[in-house]
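Undergrad:
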Amino acid sequence: MFRTSAIIYVLKSSTFASLMLVRSHPPSKSLKILSWKYEVYKKYQMTVHKDQSLKSPFSQFKNFLISSPLVEETRHGVELGSFHYQYILDGKIFAVEVMDILPQFISSSTSFMTRHMISLLWELTVHSGPYTSSSS
1 MFRTSAIIYV LKSSTFASLM LVRSHPPSKS LKILSWKYEV YKKYQMTVHK DQSLKSPFSQ
61 FKNFLISSPL VEETRHGVEL GSFHYQYILD GKIFAVEVMD ILPQFISSST SFMTRHMISL
121 LWELTVHSGP YTSSSS
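If you're matching positions, the sequence shown starts at 1 in full-length UniProt numbering and goes up one per residue.
Written out as structure tokens, the structure is:
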């Protein structure tokens with residue numbers, strides 16, 4: 001059900017998007033792109049939370065979003081523990097969701113994304129309008 005793997009979608013002939021679930025603690029080999037995630041996190045902090053001081057050091061990022069008290073475990077073929085769900089477009093990370101996969105449920109603690117992704121989500125929200133039901 002929840003496996004550490006990538007799912008590839010072709011959006012158009014030159015654009016590739018992938019969703020990748022990788023273990024955050026203990027780190028999997030896929031976390032070699034940790035510095036890219038940190039850059040997205042810093043830009044998110046500056047854009048959304050107006051943290052212009054850039055006082056989001058790497059150690060704070062690592063303690064908040066990488067370290068976890070959960071241990072790596074597999075039950076009934078399902079990997080449990082702390083994960084990052086990475087959204088990648090043309091080889092670049094544009095969003096990350098931080099989640100814990102537990103035996104009974106999935107807990108998403110936070111997410112962060114690039115300014116372009118924030119703009120896209122805003123546009124989708126604004127243009128989709130309120131949800132209405134037609135009663136005839």
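Glycine included, every Cβ here is placed at the ideal spot set by N, Cα and C. In this text the structure is predicted, and so the values were computed from the model without any measurement.
Please name the residue, chosen from Val-40, Ala-17, Glu-72 and Leu-21, that lies closest to Pro-57 on a Cα-to-Cα basis.
TA: Measuring from the Cα of Pro-57, the nearest candidate turns out to be Val-40.
Undergrad: Could you compute how far the alpha carbon of Leu-80 sits from the alpha carbon of Tyr-44?
TA: Looking at the two C-alpha atoms, the distance is approximately 28 Å.
Undergrad: Bridge partners of Phe-83, per DSSP?
TA: Bridge partners of Phe-83: Arg-23 and Met-99.
Undergrad: Can you pull the DSSP bridge partners for Ile-93?
TA: In DSSP, Ile-93 forms a bridge with Ile-88.
Undergrad: If you run the structure through DSSP and keep just helix, strand and coil, what is Val-71?
TA: Reduced to three states, the DSSP call for Val-71 is coil.
Undergrad: Assign Phe-94 to one of two classes, buried (16 or more other C-beta atoms within 10 Å of its C-beta) or exposed (fewer than that).
TA: By the neighbour-count rule (16 or more Cβ atoms within 10 Å), Phe-94 is buried.
Undergrad: Considering only the alpha carbon of each residue, which of Tyr-85, Ile-88, Thr-47 and Arg-23 lies closest to Thr-74?
TA: It is Arg-23.
Undergrad: Ends of the beta strand (DSSP E) at Thr-110?
TA: Note, Thr-110: beta strand (DSSP E), 106-113.
Undergrad: Quickly, what does DSSP pair Val-78 with across the bridge? List them, please.
TA: Per DSSP, Arg-75.
Undergrad: Give every residue of the same chain whose Cβ lies closer than 6 Å to the Cβ of Ile-88, excluding the five residues on either side of it in the sequence, and list them in chain order.
TA: Hits under 6 Å: Ser-18.
Undergrad: Inspect the beta-carbon positions of Lys-37 and Val-96 and report whether they are closer than 7 Å.
TA: Yes. Within cutoff.
Undergrad: Would you report the Cα separation of His-84 and Ser-59, rounded to the nearest angstrom?
TA: Their backbone Cα atoms lie some 17 Å apart in a straight line.
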